[in-house]
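Residue numbers (my numbering): 64 to 241.
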């Protein structure tokens, strides 16, 4: 059964624990690494986390607004890997369709959008597979070619993200004009 969410990077098998150990058998750092690997392995074979998603659309005067939030129903694999849980969960009050509500307060928040980060090699592999570009054997060669030809540079400080060079940007713009 394929997971409903998440990404199969396809670039290597996961690291798995090969035997049971306890803290007395390992040094501090080794124990932490063992725990991390074991917890991640167990999470991959655990049930998914389930959420109840609520979306409300409403009108105030002439303006249309939308509100959404989610509430965890079942923690699933997050029991084992709580650090993966999103702190952005927004629990909404019980809202009924067709009921008029009184406005208690109004708050305006100012913010700026940010552009998405650069693709990592793993992200690019997933995109190529999803769009049926290349084969399992040729995809690494294609990625190596764009690096070797100077279209992108690999930023190892940010999870091996592929940062376009000036040449790569110019090539991308030229393709758009063709």
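Glycine included, every Cβ here is placed at the ideal spot set by N, Cα and C.
Return the residue from the list 194, 137, 233 and 120 that minimises the CA-CA distance to residue 129.
120
_Less than 8 angstroms between C-beta atoms, sequence neighbours within five positions excluded: which residues of the same chain meet that for residue 182?_
190, 224 and 225
Cut-off 7 angstroms between Cβ atoms - residues of its own chain near residue 180, not counting five sequence neighbours on either side:
224
- Query: Cα-Cα, which of 214, 192, 172 and 222 is closest to residue 232?
  - Reply: Ranking the options by Cα distance to residue 232, first place goes to 214.
Looking at residue 108 and the ligand SAM, is the gap between the Cβ and the nearest heavy atom below 7 angstroms? The ligand SAM is absent from the structure shown, which contains no ligands of any kind.
Q. Would the beta-carbon of residue 133 fall within 8 angstroms of that of residue 115?
A. yes
Cutting at 6 angstroms between CB atoms, please list the residues of its own chain near residue 78, excluding the five before and the five after it. 100
Exercise for review: Please name the residue, chosen from 155, 216, 206 and 105, that lies closest to residue 145 on a Cα-to-Cα basis.
Suggested key: 105
task = Measure the alpha-carbon distance for residue 195 versus residue 97 and round it to whole angstroms.
result = Rounded to whole angstroms, residue 195 to residue 97 spans 37 angstroms at the Cα level.
Practice prompt. Could you please give the first and the last residue of the uninterrupted alpha helix (DSSP H) stretch that includes residue 104?
Written response: 91-107
Query raised in the report: Taking the continuous alpha helix (DSSP H) assigned at residue 238, which residues delimit it?
Result: In this chain, the alpha helix (DSSP H) harbouring residue 238 covers 229-240.
Compare the C-beta of residue 144 with all C-beta atoms of chain E and state if any pair is closer than 8 angstroms. In the structure shown, chain E does not exist; there is a single protein chain.
Coarse secondary structure for residue 188, derived from DSSP in three states: helix
**Study point:** Euclidean distance between Cα positions of residue 203 and residue 142
**Key:** 35 angstroms
Original post:
Between the Cα of residue 159 and the Cα atoms of 234, 118, 193 and 93, which residue gives the shortest distance?
Top reply: Looking at 234, 118, 193 and 93, the one whose alpha-carbon comes closest to that of residue 159 is 118.
- Query: Can you give the Cα-Cα distance for residue 212 and residue 93, rounded to whole angstroms?
  - Reply: Using only the alpha carbons, I get a separation of about 40 angstroms.
### Whole-number beta carbon distance between residue 206 and residue 234, since they are thought to touch under 8 angstroms
With a Cβ gap of about 15 angstroms, residue 234 and residue 206 do not count as contacting.
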